[in-house]
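Letter by letter, the sequence shown follows residues 26 to 149 of the working numbering. Report on one structure; see the data block that follows.
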Amino acid sequence: MSGAAGEPPPSGTVVPPGERGATRIADRVVAKVAAQAAREAVGQLPPDAARPQATVVVRHEAARVRVHLELDFPSDVGARCGRVRHRVVQRVGALTGLRVPEVTVHVERLHLAAEYRAPQGRTR
26 MSGAAGEPPP SGTVVPPGER GATRIADRVV AKVAAQAARE AVGQLPPDAA
76 RPQATVVVRH EAARVRVHLE LDFPSDVGAR CGRVRHRVVQ RVGALTGLRV
126 PEVTVHVERL HLAAEYRAPQ GRTR
């Protein structure tokens with residue numbers, strides 16, 4: 026048996042397997058979880074849009090996340106980014122056990138909806 030939380034066990038005592046070692050989740054794994062959560066939150070994207078990507082820095086059990094994505098336009102960009110932030114915090118926390126104090130969303134490109142595009146080809 027080990028002593029109180031944070032105290033080393035008395036010498037000669039065997040530490041149970043469940044209390045040994047540590048678990049470290051690589052930043053790239055957390056980034057994959059965050060990118061998938063962003064995809065879930067964004068919903069349907071235009072066919073030529075890139076999939077959301079994420080980069081993560083994990084320090085002291087907290088993950089700081091940057092999500093890069095493309096959206097269709099016109100749409101409520103602010104509301105969609107808010108849904109992405111919320112979903113990333115929720116899923117990263119649930120699947121990795123890390124706190125997520127910061128999610129920065131970068132909208133890299135807006136894709137104009139088909140009905141707003143100029144006709145292609147020559148016009149007279």
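No residue lacks a Cβ here, since even glycine has one placed at the ideal position from N, Cα and C. Predicted, not measured: the structure shown is a model, and the values here were computed from it.
- Boundaries for residue 56: no beta strand (DSSP E) harbours it, while the alpha helix (DSSP H) harbouring it runs 52-67, taken from the DSSP string.
- Across the set 103, 116 and 69, the C-alpha of 116 shows the shortest separation from the C-alpha of residue 125.
- At least 9 Å separates the beta-carbon of residue 88 from that of residue 40.
- In the pairwise beta carbon analysis, the region 104-114 is classified as not touching the region 44-51: fewer than three pairs are separated by under 8 Å.
- Here DSSP, grouped into helix, strand and coil, assigns residue 105 to helix.
- Less than 9 Å separates the beta-carbon of residue 127 from that of residue 90.
- Distance from the CA atom of residue 57 to the CA atom of residue 38, rounded to whole angstroms, is 40 Å.
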